[in-house]
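Enquirer: When we follow UniProt numbering, the leftmost residue of the sequence shown carries the number 297, and every step to the right adds one.
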Amino acid sequence: IKRYFLVTFKVIEFRDEFLITIKDITNRRNASEIQKNFISNVSHELKTPLTNIKGYLIALDGAPDEMRNKFMKVIKENVEKLENIVLDFLNISKIESSNLLNIERVSIDNIINRVDSILQVLIEKKNGKVDYNVRLKNQKNIVKMDVNRVVTILKNLIENGLIYNKNENPEIEVEITEIDDRYIFNVSDNGIGIPASEQYKVFDRFYRVDKSRNRNSGGTGLGLSIVKSLVEQCGGKITVKSSENRGTTFKFFILKDKN
Ligand code: ADP
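1) With a threshold of 16 other CB atoms inside 10 Å of the CB of Thr304, please say whether the residue is buried or exposed.
2) Using alpha carbons as the reference points, say which of His340, Asn463, Thr317 lies closest to Gly424.
3) Keeping to the same chain, check which residues put their C-beta closer than 7 Å to that of Gly489; ignore five residues upstream and five downstream.
4) Measuring from the CB of Val417, is there a heavy atom of the ligand ADP at a distance below 8 Å?
5) For Asn374, I'd like the list of residues in its chain whose CB is within less than 7 Å of its CB, leaving aside the five on either flank, ordered along the chain.
6) If contact is defined by three or more beta carbon pairs under 8 Å, each pair taking one atom from either stretch, is the stretch 316 to 327 in contact with the stretch 356 to 370?
7) Between Asn395 and the rest of its own chain, which residues show a CB-CB distance below 8 Å, the 5 nearest in sequence each way excluded?
8) According to DSSP, is Val505 helix, strand or coil?
9) What are the boundary residues of the alpha helix (DSSP H) that Val439 is part of?
10) May I ask you to report which of helix, strand or coil DSSP gives Ser328?
11) Let me make sure I understand the geometry here. Which of Gln416, Ile399, Asp485, Val439 has the alpha-carbon closest to that of Asn465?
12) Between Met368 and Lys343, what straight-line distance do the alpha-carbon atoms span, to the nearest angstrom?
13) Under 6 Å Cβ to Cβ from Glu469, same chain only, skipping five residues before and after it: list those, please.
14) Return helix, strand or coil for Asn463, following the three-state DSSP convention.
15) Between Asp442, Ile404, Asn333, Arg445, which lies nearest to Arg431 when the distance is taken from Cα to Cα?
16) Give the single residue among Leu450, Val382, Lys421, Ala359 whose Cα lies nearest to the Cα of Asn409.
17) If distances are taken between C-alpha atoms only, which option among Asp476, Phe385, Lys433 comes closest to Leu551?
18) If you check the beta carbons only, do Val426 and Leu453 fall under 9 Å apart?
19) Within 10 angstroms of the Cβ of Gly358, are there 16 or more other Cβ atoms? Answer buried if so, exposed if not.
20) Can you determine whether any heavy atom of the ligand ADP sits closer than 8 Å to the C-beta of Tyr460, and answer yes or no?
21) Return the chain-ordered list of same chain residues with a C-beta closer than 7 Å to the C-beta of Asp500, the five sequence neighbours on each side being excluded.
22) Which residues in the same chain have their Cβ closer than 7 Å to the Cβ of Glu474, if we skip the five residues on either side of it in sequence?
23) Which partner residues of Thr544 appear in the DSSP bridge assignment?
24) Along the chain, which unbroken stretches of the alpha helix (DSSP H) at least 4 residues long are found entirely within the stretch 385 to 444?
25) Using the C-alpha atoms, what's the distance from Tyr300 back to Thr317?
26) Whole angstroms is fine: what's the gap from Asn461's alpha carbon to Ile321's?
27) Closer than 8 Å to a non-hydrogen atom of the ligand ADP - does that hold for the CB of Asn456?
Following this line, the structure appears as structure tokens:
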């Protein structure tokens, strides 16, 4: 790794000496690098849809009726994209501002129903033909966990499993196991998969595998970075295993509440 040091010289008056201090500022420097990249990524992500909206608005003026509908559709898609980016930013700032967990006792049915109702619109877009399985292994139906965080994690993973999926009948399987001090979740889909060389990058902010295949998904590249932060806040870790054209499995655990 590259390290950065700040070196300062101070001449000590009336003495034949001077003081040299060397400070390792690698962490500070990396943090500001990340911040700088984040701002430039954000600006870029916002600029693309804005440029599209502006261009199509100009083209709308005086366009024949059949073209107007097409242009309006593109404008609407880009407004939705901007909306998604802003919602993801709000999510990130909410996550970063509160580390406190809110542990509740609920049934897994309740969690799954909440995820399901958030995803209804997307499921309807897939003609309602989603095979959606939840399996509990070694697990009672009642759990104690931060429900809001777990619902957001599952919503993002299942949403991706449906979006990056070209099957007539997309299948999503959620398996939950309770072992010792943790709950282990496996979320699998039968979608397009992620190439091995890209898998380690998908949790990075704004990272999107091959933008051309993603063009119409309306995604922001922020979903999995939000998921990773949420899992870590629950004391856990997340990993991905995937094989192209066969499907993807995200595995994560969260620690049980000990109180
Ligand atoms: P996005 O907003 O692009 O969906 P994410 O952070 O959720 O952003 O995902 C990052 C990228 O990882 C996506 O653009 C997609 O290419 C890939 N990806 C995520 N989940 C899946 C999945 N279940 N199957 C295939 N590719 C996926």
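The C-beta atom is built at its ideal place from N, Cα and C for all residues, glycine as well.
Expert: Concretely, from the data shown:
1) exposed
2) Asn463
3) Ser538, Ser539, Glu540, Asn541, Arg542, Gly543, Thr544
4) no
5) Pro345, Asn348, Ile349
6) no
7) Gln529
8) coil
9) No alpha helix (DSSP H) holds Val439; the beta strand (DSSP E) holding it covers 438 to 442.
10) helix
11) Asp485
12) 19 Å
13) Asn429, Ser484
14) coil
15) Ile404
16) Leu450
17) Asp476
18) no
19) exposed
20) yes
21) Ser521
22) Asn434, Gln435
23) Asp485, Ser538
24) 404 to 414, 416 to 421
25) 14 Å
26) 45 Å
27) yes
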